[in-house]
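In the numbering used here, the protein residues as written are 304 to 383. We treat Cβ as the ideally placed atom computed from N, Cα and C, and that holds for glycine. Here the structure is laid out as structure tokens; the discussion comes afterwards.
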């Protein structure tokens, strides 16, 4: 892991924030740390979220870590 050029620590307490306006056309919002986006593409995350919603139509259940890791570990590993 690499930290900022001015720091020897690989972790940063400075968040990267982006502001996005959601519309009626948006299906869902996926929030993830950089660790998630290091191993999975945004399109893969969307595909997994859609599959989970089609399985049980429960957004809270879709957000559980074991749901993603259990059923989709091969997809996540394939993107690394």
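Item to complete: May I have the straight-line CA-CA distance separating residue 363 from residue 344, to the nearest angstrom?
Response: 21 Å
Fill in: Residue environment, residue 317, which counts as buried when at least 16 other CB atoms sit within 10 Å
exposed
Item to complete: Report all residues from its chain with a CB closer than 6 Å to the CB of residue 353; omit the five preceding and five following residues, and keep chain order.
Response: none
Item to complete: Apply the 10 Å Cβ neighbour rule to residue 365 and answer buried if 16 or more other Cβ atoms are within range, or exposed otherwise.
Response: buried
Worksheet item: Closest to residue 348 by CA distance: which of 359, 334, 329 and 357 is it?
Response: 334
Worksheet item: Which of helix, strand or coil does DSSP assign to residue 334?
Response: coil
Worksheet entry | Residue burial classification, residue 355 (beta-carbon count within 10 angstroms, cutoff 16) | buried
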